[in-house]
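Notes to accompany the following structure.
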Amino acid sequence: MDAAELGRSRFLNMLFKPSGMAMESRLRHLFMNPEKMLRGAGITPGQTVLEVGAGTGFFTIPAAKMLGDGGRLIAMEPLSDFADRITEKVRDEGLQNVEVLCRDALNSELEPASIDLALLFGVVPFPTLPLNRLLPEMHRVLKSDGRLAVWLFPVSAGVPTAILRSGYFVELGKTNGVYTYRCIVSEQ
Ligand SMILES: C[S@@+](CC[C@H](N)C(=O)[O-])C[C@H]1O[C@@H](n2cnc3c(N)ncnc32)[C@H](O)[C@@H]1O
392 MDAAELGRSR
402 FLNMLFKPSG
412 MAMESRLRHL
422 FMNPEKMLRG
432 AGITPGQTVL
442 EVGAGTGFFT
452 IPAAKMLGDG
462 GRLIAMEPLS
472 DFADRITEKV
482 RDEGLQNVEV
492 LCRDALNSEL
502 EPASIDLALL
512 FGVVPFPTLP
522 LNRLLPEMHR
532 VLKSDGRLAV
542 WLFPVSAGVP
552 TAILRSGYFV
562 ELGKTNGVYT
572 YRCIVSEQ
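In terms of our numbering, the sequence shown opens at residue 392 and continues consecutively.
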């Protein structure tokens, strides 16, 4: 059973309700500046951005505003209640550039080489997002000059090492707490 099927379970949606409330709490807004972190990711107007595990949309709304009307944000979230919450926020904000997909990012079904920037914000390490499956999928959907941006929660030294060892990405640096990577493109 993949994350998208699990995400439709009433039991799991109830189980994760408290973490959804924590994700959008006032306390979080006091301690975290999503715009600053998104700048660290290198988000720029007009890009097509994939947000993996968008939760209840803490980063989705500011990211969509930063992308502007010419940009597009694909917010991927398998838990149906979280996805519905993002849709509600997007509607309340009157944003036209967000597509909410209730889907497993390990099998994103997105077109190859269609994404400028993939955000892994607060989603790794996570048991249902193993890097050995997530990284090849991100590499597949990113354009050859695309970027992967990773904000680690909880902080885990193993993740940056695993990304470098994967052979899919090269690190560009770390800004505002966010690691950025470019794709390694194989010569044909
Ligand atoms: C810790 S939460 C972070 C949410 C959001 N990025 C934030 O920082 O507010 C991790 C999210 O990843 C989602 N997730 C778990 N497995 C996933 C998968 N295979 N594909 C996409 N999202 C997944 C979970 O449902 C959850 O909403």
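No residue lacks a Cβ here, since even glycine has one placed at the ideal position from N, Cα and C.
*What are the start and end residues of the alpha helix (DSSP H) that includes Ala496?*
Counting along the chain, Ala496 falls outside any alpha helix (DSSP H), and DSSP gives it neither H nor E.
*Considering only the beta carbon of each residue, do Ser547 and Ala504 sit closer than 8 Å?*
No, Cβ-Cβ distance for Ser547 and Ala504 is not below 8 Å.
_Sequence-distant residues of its chain with Cβ nearer than 7 Å to Asn404 (five each side left out)_ = Shown here for Asn404: same chain residues with a beta carbon closer than 7 Å to its own, the five before and five after excluded, namely Leu470, Ser471 and Asp472 in chain order.
_Buried or exposed by the 16-neighbour rule on C-beta atoms within 10 Å, applied to Gln487_ = Flag for Gln487 reads exposed.
_Can you look up Asp475 in the DSSP assignment and give me helix, strand or coil?_
In the structure shown, Asp475 sits in a helix (DSSP, three-state: H, G or I).
*Span of the alpha helix (DSSP H) holding Thr571?*
Looking at the DSSP string, Thr571 is not in any alpha helix (DSSP H); the run it does join, the beta strand (DSSP E), is Val569 to Cys574.
*Around the Cβ of Thr552, are there at least 16 other Cβ atoms within 10 angstroms (buried) or fewer (exposed)?*
By the 10 Å Cβ count, Thr552 comes out exposed.
*Whose C-alpha, out of Glu468, Gly446, Gly437 and Val443, is nearest the C-alpha of Ala455?*
The candidate whose alpha carbon is nearest that of Ala455 is Gly437.
*Separation of Gly461 from Glu562, as counted between CA atoms*: The alpha-carbon separation between Glu562 and Gly461 amounts to approximately 28 Å.
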